[in-house]
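Single-structure report; data block below.
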Amino acid sequence: MQGDHEADGFWLYDLHVETVLGGRTPVCRHVEGEAFRVEGELLIFDDQTEISMYALAGLLPLLPAKQRETDPHDWMSTDAEIACPDPNCGGRFRVTRGKKRWFTHAGTTGLPEQRGIPYWQEKDAT
Numbered sequence: 293m294q295g296d297h298e299a300d301g302f303w304l305y306d307l308h309v310e311t312v313l314g315g316r317t318p319v320c321r322h323v324e325g326e327a328f329r330v331e332g333e334l335l336i337f338d339d340q341t342e343i344s345m346y347a348l349a350g351l352l353p354l355l356p357a358k359q360r361e362t363d364p365h366d367w368m369s370t371d372a373e374i375a376c377p378d379p380n381c382g383g384r385f386r387v388t389r390g391k392k393r394w395f396t397h398a399g400t401t402g403l404p405e406q407r408g409i410p411y412w413q414e415k416d417a418t
């Protein structure tokens, strides 16, 4: 049986997503070392980081799965690089899991009867 803490929320990994080429030739705009972070639902780009929207569109559906706890033998746990969706492009995104953050269901749901303080405002409320 889960404790109250586990029943009311969930853990997500922070992610670091970095462009890697490894000697491969990019077709799309991929610059080795450009990166962004994922914290909860937020994509956090540093100044001047530019990512192809087409490559990002192929990457985005996989990021929520990379944030969640998976079986150690699942490919989401073992495979760190995701290819650019253009089959002729050598660009890759290396996704590295960082620390885990706790999110409450009430802080992330859109259901009116279950809402609490949104997670991004919880710091301000304490």
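The opening residue of the sequence shown carries number 293 in the numbering used here; numbering runs sequentially from there.
Positions of the beta carbon are idealized from the N, C-alpha and C atoms, including for glycine.
Since the model is a prediction, treat every value here as computed from it, not as a measurement.
Whole-number beta carbon distance between residue j and residue i, since they are thought to touch under 8 Å
| i | j | result |
| --- | --- | --- |
| Gly390 | Leu307 | 7 Å |
| Arg304 | Gly332 | Checking the sequence, you will find Leu at residue 304 rather than Arg. With a Cβ gap of about 6 Å, Leu304 and Gly332 count as contacting. |
| Val312 | Arg386 | 5 Å |
Range covered by the beta strand (DSSP E) that runs through residue i
| i | result |
| --- | --- |
| Tyr411 | Run containing Tyr411: none; DSSP gives neither H nor E here. |
| Leu354 | First-last for Leu354: undefined, no H or E at that position. |
| Thr311 | Gly301 to Val312 |
| Ile343 | Segment: none, Ile343 is in no beta strand (DSSP E) and carries neither H nor E. |
Residue from the options whose Cα sits closest to the Cα of residue i
| i | options | result |
| --- | --- | --- |
| Leu348 | Glu310, Phe395 and Pro404 | Glu310 |
| Glu373 | Thr388, Trp394, Pro404 and Leu335 | Thr388 |
Which of helix, strand or coil DSSP assigns to residue i
| i | result |
| --- | --- |
| His397 | helix |
| Glu405 | helix |
| Gly390 | strand |
Segment limits, alpha helix (DSSP H) that includes residue i
| i | result |
| --- | --- |
| Thr370 | Trp367 to Thr370 |
Sub-8 Å separation of residue i and residue j beta-carbons
| i | j | result |
| --- | --- | --- |
| His301 | His397 | Position check: residue 301 holds Gly in this sequence, whereas His was assumed. Yes, Cβ-Cβ distance for Gly301 and His397 is below 8 Å. |
| Tyr346 | Pro318 | no |
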